[in-house]
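Read the structure below first, then the notes.
There are 2 protein chains.
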Amino acid sequence: MNPTIHDVAKQANVSISTVSRVFNNPDSVGKEMRERVLQVIEELGYAPNPFASGLRDNRSMVIVAMIPDIRNSYYAEMLSGIEEVALSKRYNVIICNTIQNEERFLEYVKYFVKKKVDGLIFASTEITEFYKKNFDALNIPVVLASTEGRAWDLPSVRVDDVQASYDATTFLINNGHQEIGFISGPSHLLVPNVQRYEGYRKAMQDHQVPVSEQHVVYAEMTFDAGYEAMSRLYAKMPHLTAVYAASDAMAIGAMKFLHEQGLEVPRHVSVMGFDNLELSRMISPGLTTVAQNIYEIGKSAGELLFQGIENRDQDLQSVTIAHEIIVRGTVRNRRLKSDSER
Amino acid sequence: MNPTIHDVAKQANVSISTVSRVFNNPDSVGKEMRERVLQVIEELGYAPNPFASGLRDNRSMVIVAMIPDIRNSYYAEMLSGIEEVALSKRYNVIICNTIQNEERFLEYVKYFVKKKVDGLIFASTEITEFYKKNFDALNIPVVLASTEGRAWDLPSVRVDDVQASYDATTFLINNGHQEIGFISGPSHLLVPNVQRYEGYRKAMQDHQVPVSEQHVVYAEMTFDAGYEAMSRLYAKMPHLTAVYAASDAMAIGAMKFLHEQGLEVPRHVSVMGFDNLELSRMISPGLTTVAQNIYEIGKSAGELLFQGIENRDQDLQSVTIAHEIIVRGTVRNRRLKSDSER
DNA sequence: CAGCGCTCAGAAAACGTTTTCTTGCTGAGA
DNA sequence: TCTCAGCAAGAAAACGTTTTCTGAGCGCTG
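Top to bottom, those sequences are chains A and B.
In terms of full-length UniProt numbering, the first sequence has 144 at position 144, counting the first letter as 1, and numbering is strictly consecutive.
In terms of full-length UniProt numbering, the second sequence has 114 at position 114, counting the first letter as 1, and numbering is strictly consecutive.
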């Protein structure tokens, strides 16, 4: 078995209180004693038993990351950022695939109450009163990642979706496109779809490009749904020159549909995505898209959470992460004559 | 604060021993008492404090999944399977991005000794004596996922790489290909690369197709490395009609190179991958590949681990997961005349 | 020189379980 | 009727910390 604080105390000929103090508040113990204890600790390879400390002061050194699906590389990337900062703080991360499922969520929450996790990063879905109530009951710091929290007074880390979407749309307009269709996420998922829709619409209007519900279709934010959504959009807008999809997965699904219709990207139709997933650069041509620095979102969320853990009554400030247009090969510049003649 | 076992005991007018027994060994307590206690438990929403139980019997109800990189969808998928069975056993999973880094590995291992995790699933790299020694020191059940363990007497869950690779190569041969290049993973990573190489070579030989080192290039198993490896392979084998890559990421990288060279897939060159990543079906044309049921690997590894946790001295039997050829659009059948005339 | 306060270290309580040991009671067999 | 076995429930110890309380020793001040 591992050495305990008693073993160290006996070996160093001090009391266990002294050993504990050496660990937690070294300045409060005299130099010679401290050094003797330190040496024995080293010698025996002593480390405090986390169960005992946990029992004593209800800290588990564990945080929880709640995400919809770890198989989605967006969340995997985010998790990677969270994990990085947790490791540096000597915390562990436990992951929860909520699968957008309230029952499963509850299952986990019930669990955390017992486990006394020290903090929670939530990246799953729209926050409803249901979630908010459960968070409150948990009574630990909560940080939202890539989802909205202002209405519920929860700190969040995310990109400015309105602005990012505005920039993406403007990019298409600046490349000479006017007939720009928009594949939105499902409208019932408020975040981030309202924001991305708003950014798209605002950009169109600001540049005097006509826009209406005729330009928009709604779908789940997946590859398959994007494929299917593109067929609907194409039926509504047979003359579109560009498609802007609210996620890369949808954009790539849309590209597959266009490809099957014999429409070349970007010669006949330009495509713009959102997310900058790893795979966006793997396809040919590479997908032009809006990059969220997802890793950074995870990292910031982690840092924010630890702020809250280390200083329980501090108010946490939401953070906005910068976005960036990544230009690859799926948008054609219609303003270049040579290009349009190709 | 949460109700304790004492609260329950007082409320139900029994001793705490009885309450504990109701939880852990219900049959040993009389019916009426049991029911009274059960009711109070329900009423108060009591649940045992895991620190206290952990302190008492050194069980954490936590298992660890060690993987190279959660951002790699292969491992994300595997993790998803692990997580599923852990949840059903009411265990938590903590993840460790080892990043193929021994120092980082040690950092984690040191941690687990303290945390007293109950089991470990290792999916990182080739097992060396270094790892094996650390596993032994941990003194908990260890299961290997998608890596080899026989030499070290560790149970593993994986596909039969030799057979799978044999099948993939045979598929290409049966489609009329003879000049088949092979993009292997780096030779220093023995598993699974020796096996896949062996399967390829064996299939070629069994079908009387000439094969030599001229047909093979080595690269890291990533998209970028696959791109670069394809350029080397193409230089060595300008007349190849098919490429078989030991991972989908490499295969897709290779496709990008071919595309840039003006070579169409599958018209000029056929491509076959290995893994069946999510993104393999997203590209156009869809990648023909060998499917590992990765989720199943994770799930089986989890189940095997829990066998070991629940029965410590049982010998765990390694498990082989079935593989399958997924036919999509990147392999042309050269035996069909109409096809070759297109 | 006496008394006061301050510093540093030890004693002990508390955290919430699980499980062994003990005890009291019931029922059966002699 | 007495004794012994068996069973059900309670008492108590143990797991390893952290922290508050206590007390000893010492230096400074009046």
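Cβ coordinates follow ideal geometry from the N, Cα and C atoms, glycine included.
If you're wondering where the values come from, they're calculated on a predicted model, not measured in any experiment.
At a Cβ-Cβ threshold of 8 Å, ALA251 of chain A and ALA145 of chain A do not count as neighbours.
Distances from the alpha-carbon of VAL143 of chain A to those of A:ASN134, A:ALA123, A:ASP160 put A:ALA123 closest. In this structure, the alpha-carbon of THR125 of chain B lies about 14 Å from that of ALA151 of chain B.
Contact check between the region 315 to 328 of chain A and the region 176 to 184 of chain A: fewer than three CB pairs, one atom from each, fall below 8 Å, which does not count as touching. DSSP places VAL211 of chain A outside both helix and strand once states are collapsed to three, so it counts as coil. Below the 8 Å Cβ cutoff, chain B contributes MET282, SER284 as neighbours of LYS256 of chain A, in chain order. In terms of beta-carbon proximity, HIS259 of chain B lines the interface with chain A, with at least one pair separated by less than 8 Å.
Contact between ILE297 of chain A and VAL157 of chain A holds, with the beta-carbon distance rounding to 5 Å and staying under 8 Å. In its chain, beyond the 5 residues on either side, THR170, ILE173 have a beta carbon closer than 8 Å to the beta carbon of HIS207 of chain A. Against GLY54 of chain B, the close residues of chain A are PHE51, in the order they occur along the chain (beta-carbon pairs closer than 7 Å). With a beta-carbon spacing of about 5 Å, SER280 of chain A and ASP248 of chain A fall inside the 8 Å limit used to define contacts. Distance between PHE223 of chain B and MET282 of chain A, taken at the CA atoms: about 7 Å. Chain-ordered, the chain B residues with CB closer than 7 Å to the CB of VAL93 of chain A read ILE94, ILE95. Using a Cβ-Cβ cut-off of 8 Å, ARG312 of chain B does not count as an interface residue toward chain A, since no Cβ of chain A sits closer than that to its own. At a cut-off of 8 Å between beta carbons, PHE223 of chain B contacts chain A. With contacts defined as CB atoms closer than 8 Å, ASN101 of chain A and ARG332 of chain A fail to qualify as a contacting pair. Nearest to TYR295 of chain A by C-alpha distance, out of A:VAL14, A:THR4, A:LEU55, A:VAL85, is A:VAL85. In terms of beta-carbon proximity, ALA76 of chain B lines the interface with chain A, with at least one pair separated by less than 8 Å.
Within 8 Å of the CB of SER15 of chain B, no CB atom of chain A is found; the nearest one sits about 21 Å away. At a C-beta separation below 9 Å, GLU83 of chain B has these neighbours in chain A: ILE70, ILE95, CYS96, ASN97. Taking each of B:LEU240, B:ILE94, B:VAL22 in turn and checking the Cα distance to TYR111 of chain B, the smallest one comes out for B:ILE94.
The alpha carbon of ASN49 of chain A has as its nearest neighbour, out of A:PHE23, A:GLU43, A:VAL37, the alpha carbon of A:PHE23.
Think of a sphere of 8 Å around the beta carbon of LEU79 of chain B: the chain A residues whose beta carbon falls inside it are ILE70, ILE95, in chain order. For LYS133 of chain B, none of the residues of chain A pass the 9 Å Cβ criterion, the least Cβ distance being about 16 Å.
Under the three-state reduction of DSSP output, GLY185 of chain A falls in the coil class, being neither helix nor strand. Along the length of the UniProt domain "HTH lacI-type" (3 to 57) of chain B, whole alpha helix (DSSP H) runs at least 4 residues long occupy 5 to 12, 16 to 24, 31 to 44, 50 to 57, reported in chain order. Residues of the region 223 to 253 of chain A with a Cβ closer than 7 Å to any Cβ of chain B, in chain order: PHE223, ILE252. According to the DSSP secondary-structure assignment, PHE274 of chain A is paired through a beta bridge with A:VAL290.
In the DSSP secondary-structure assignment, VAL243 of chain B is bridged to B:GLY181, B:VAL271. Looking from the CA of MET78 of chain B, the closest CA among B:GLU198, B:ASN293, B:ASN25 belongs to B:ASN293. For ALA203 of chain B, there is no enclosing beta strand (DSSP E); the enclosing alpha helix (DSSP H) covers residues 190 to 206. Annotated three-state conformation of THR170 of chain B is helix, per DSSP. In the three-state scheme derived from DSSP, where H, G and I count as helix and E and B as strand, ALA254 of chain B is classed as helix. For the pair ASP69 of chain A and VAL191 of chain A, the Cα-to-Cα distance works out to about 17 Å.
Residues of chain B with a Cβ closer than 8 Å to the Cβ of LEU287 of chain A do not exist, since the nearest Cβ in that chain sits about 11 Å away.
Interface residue (Cβ-Cβ distance to chain A less than 8 Å): LEU279 of chain B is classified as such.
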